Each structure stands twice: as structure tokens, then as C-alpha cells.
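According to my numbering, the sequence shown is numbered sequentially starting from 13. No residue lacks a Cβ here, since even glycine has one placed at the ideal position from N, Cα and C. Bear in mind that the values here come from a model prediction, so they are computed numbers and not experimental data.
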Amino acid sequence: MSNNFSTIFNRFGDFYRRSGLSLKSFIIANHTFNQNLKNKRFYIIFFYFLLPVFGSIFDVLISEPSYYSGKAYAVYQIHQSLNNTLQVWWMSIFGQLFIILIASDAISSEFEKGTILALKSRPISDVDIFLGKFIGITILSSILVIPGGFIIYLTQIWTYSPKNFWWVFWHSLDELIVCLLVVILGFMLLLSICFLFSSIFNKSLQATLVSLLVIFAVQLLSSVFSFSDNLMSKFNITRYLQHFLNPVLYNVNTITTSGSITNELIGFIALITILQFIAFWIFSKKEVHQ
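Below, the structure is given as C-alpha cells:
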């Protein structure tokens with residue numbers, strides 16, 4: 013048995029080394045994460061994402077808990093609150109704008125400041141640099157929503173069903189987790205587009221403006237012309253949220269995924285992967301001028 017496990021781990025290690033990845037990716041990710049934490053704009057963005065959390069806590073403080081509401085009604089209200097937070101706040105135009113501002117200069121700023129020379133002079137591959145930056149900003153974006161999502165979830169349970177707190181908690185926890193994962197995937201699509209333009213342009217301002225223009229223009233066009241089955245509709249974050257969240261929210265049953273939703277999800281992840289591959293290819297081919 014131990015020999016079998018050793019063989020499996022050795023093969024995984026060979027695959028990991030051949031893929032060009034290493035722990036250096038996570039060193040770059042940690043550096044990117046800490047670098048953004050030092051930026052004042054992150055705290056402005058963080059405050060915006062905390063606004064619905066403050067509102068939910070304030071509701072608990074000023075409202076009387078509803079001791080007589082049924083379990084199903086409580087779950088419905090909790091899901092409605094989550095849906096409002098996700099679509100009206102975190103994935104709204106302003107939420108998307110802030111995510112774009114975090115990610116759009118991830119690569120271009122390194123070229124603009126000349127720090128890419130120091131990175132490339134070290135024994136770090138282009139894969140490590142690119143992937144590390146993407147992982148770091150993805151983790152940073154996740155921190156904006158995961159703690160807040162759980163706080164809103166807990167406060168809403170206490171507001172609508174304090175007597176059945178644990179029953180409601182366990183019977184709607186899967187929906188909360190899926191909702192947060194859906195939002196993070198939406199963020200990853202935005203990050204992938206931003207990384208693409210950040211790899212093309214050497215100036216942060218250019219990368220940011222083009223990212224904003226393309227992302228919002230494509231979403232506007234896909235809404236106006238209703239390209240429901242067109243590739244362009246995949247970039248419409250609002251449509252994406254509605255498509256995946258509606259089957260998840262407003263029910264008290266265990267989540268079941270239909271074939272169409274699963275296929276859409278696979279297609280969405282494939283789109284993120286393709287954008288990342290193109291962005292990395294452009295990044296790896298760029299010349300570094302001293």
C-alpha cells in the first residue's frame with residue numbers, strides 16, 4: 013500500500029515539475045497580496061464591500077428577532093438578502109469597477125516601474141510570476157466577499173429564525189458556499205480580462221482604461237442585443253449571476269445540478285482558462301527593456 017502511495021506522489025511530483033510550476037508561484041502570490049494591502053485604494057474598496065455587512069449588523073441591533081416565522085420563510089428571507097448583497101452590491105457596476113482597479117495594473121505596473129527586470133533576473137519562471145500574481149489577487153478578491161458573506165448569513169439567520177438557528181444554518185449552508193464560489197468565479201473572469209490587457213500594455217493607466225471600456229462595453233452590448241447564446245453573453249456578469257444563482261437560491265432542498273448548469277459552468281471555467289493562457293502567452297513574449 014505504501015509503495016502505491018509513493019508511486020502516486022512521485023508521478024504527481026513529476027507532473028508538477030514538468031508543468032513549470034513551483035512554490036515560487038506562492039511566494040509571488042504572497043508578495044502581490046501584501047503589496048496590495050499596503051495600497052490605500054484597497055481599504056477604500058474593502059470599505060465598499062463591507063457596507064452591506066454593516067447594514068446587516070445594524071439590522072440585528074435595531075430589529076426584534078422574529079421568533080414566530082417558519083423555517084422555510086426564514087430561509088427565503090436569508091436567500092433574498094444574499095441575492096441582494098451579491099447583485100446589488102458586490103457584483104454591481106461599482107463592485108466590478110473596484111475589482112478591475114485592483115487587477116488591471118498587476119502586470120503593466122511591473123513594466124512601467126521597471127521592477128519586472130528584478131523579477132526576471134531571479135531564478136523564477138514566467139509561469140511562476142504570472143500565476144503567482146493571479147493567485148495573489150484572486151485571494152485578495154475572495155477576502156472581500158467570503159468573511160462578509162458568512163457574517164450576513166449568520167446575522168440574517170438570527171434576525172429571521174433565532175429559535176431554529178442551527179436547523180436553518182445547516183439547511184442553507186450549501187447555498188451560501190455555492191453563491192460565494194459563483195461570485196469568486198465571476199471575479200476570476202474579470203481578473204482574466206484585466207490580466208490580458210495588463211499584459212498587452214506597459215502603462216497602468218492604459219491597461220485600466222481599456223479593461224474598463226471593454227468589460228462594460230461588452231456587457232452593455234450583450235444586454236441591449238440579448239445575445240443569449242452568443243459568446244459575448246458569457247462576459248455579462250449580471251447574466252452570469254442570474255443564470256447560476258437563481259437555481260440555487262430560494263429553496264430549502266439540497267442542491268442538485270442539472271446538466272445544462274454543469275455544462276455552462278464548465279464552459280465558463282474554460283473561458284477563464286483560455287483568457288489566462290492568451291494573457292500568459294503575451295506576457296511571456298514581451299521584451300524587457302533595461
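Burial state of residue i (16 or more Cβ within 10 Å)
{"i": "A86", "result": "buried"}
{"i": "V180", "result": "buried"}
{"i": "T268", "result": "Confidence at T268 is low in this model, with a pLDDT of 47, below 50, so its placement is unreliable and the value that follows should be read with caution. That one is exposed."}
{"i": "F289", "result": "exposed"}
{"i": "D140", "result": "buried"}
{"i": "G126", "result": "exposed"}
{"i": "E187", "result": "buried"}
{"i": "W182", "result": "exposed"}
{"i": "G160", "result": "buried"}
{"i": "W178", "result": "exposed"}
{"i": "F59", "result": "exposed"}
{"i": "G107", "result": "buried"}
{"i": "T150", "result": "buried"}
{"i": "I227", "result": "buried"}
{"i": "I111", "result": "buried"}
{"i": "I278", "result": "exposed"}
{"i": "I105", "result": "exposed"}
{"i": "S75", "result": "exposed"}
{"i": "S93", "result": "buried"}
{"i": "L192", "result": "buried"}
{"i": "I57", "result": "buried"}
Neighbour flag for residue i against chain B, beta carbons, 8 Å
{"i": "I112", "result": "In the structure shown, chain B cannot be found, because there is only a single protein chain."}
Nonlocal neighbours in the same chain, by C-beta distance under 8 Å from residue i, ignoring five residues either side
{"i": "F213", "result": "S120, A219, V222"}
{"i": "K83", "result": "S173, N176, W179, V180, H183, V264"}
{"i": "L109", "result": "L224"}
Beta-carbon proximity list for residue i, same chain, < 7 Å, skipping 5 on both sides
{"i": "I9", "result": "The shown model of the chain, from 13 to 302, leaves out residue 9, and the question about it has no answer."}
{"i": "R53", "result": "L113"}
{"i": "L208", "result": "L287, I290, A291"}
{"i": "T97", "result": "P64, I164"}
{"i": "M200", "result": "T150, I284"}
{"i": "L131", "result": "E122, I141"}
{"i": "S154", "result": "I196"}
Beta-carbon proximity list for residue i, same chain, < 6 Å, skipping 5 on both sides
{"i": "G144", "result": "S37, I40, A41"}
{"i": "L307", "result": "Given a span of 13 to 302 for the chain in the structure shown, any question on residue 307 remains unanswerable."}
{"i": "L152", "result": "F45, N48"}
{"i": "F256", "result": "V194"}
{"i": "Q89", "result": "Y172"}
{"i": "L123", "result": "For the sequence presented, residue 123 should be read as Phe rather than Leu. Within the same chain, F123 has close Cβ partners N214."}
{"i": "S216", "result": "D117, S120, S121, E124"}
{"i": "S296", "result": "D138"}
{"i": "K298", "result": "none"}
For residue i, the first and last residue of its enclosing alpha helix (DSSP H)
{"i": "W102", "result": "First-last for W102: undefined, no H or E at that position."}
{"i": "F207", "result": "177–212"}
{"i": "S68", "result": "52–74"}
{"i": "L49", "result": "36–49"}
Any non-hydrogen atom of the ligand MG closer than 7 Å to residue i Cβ
{"i": "F199", "result": "The model depicted lacks the ligand MG and carries no ligand whatsoever."}
Inter-stretch contact (C-beta, 8 Å, three-pair minimum) for the region 209–221 and the region 115–125 = Verdict: yes, contact present.
inquiry  = Closer than 8 Å is the cut-off here; do at least three beta carbon pairs connect the region 161–171 with the region 131–140?
reply    = Segments in contact, no.
query = Fully enclosed by the region 89–156, which alpha helix (DSSP H) runs are 4 residues long or longer?
reply = Listed in chain order, they are 105–115, 120–125, 127–133.
task = Please determine if the region 151–167 and the region 53–71 are in contact, where contact requires at least 3 C-beta pairs separated by less than 8 Å.
result = By the criterion of at least three beta-carbon pairs nearer than 8 Å, the region 151–167 is in contact with the region 53–71.
message = Count Cβ pairs between the region 145–153 and the region 200–210 that sit closer than 8 Å; are there 3 or more?
response = Cβ pair count under 8 Å is three or more, so yes.
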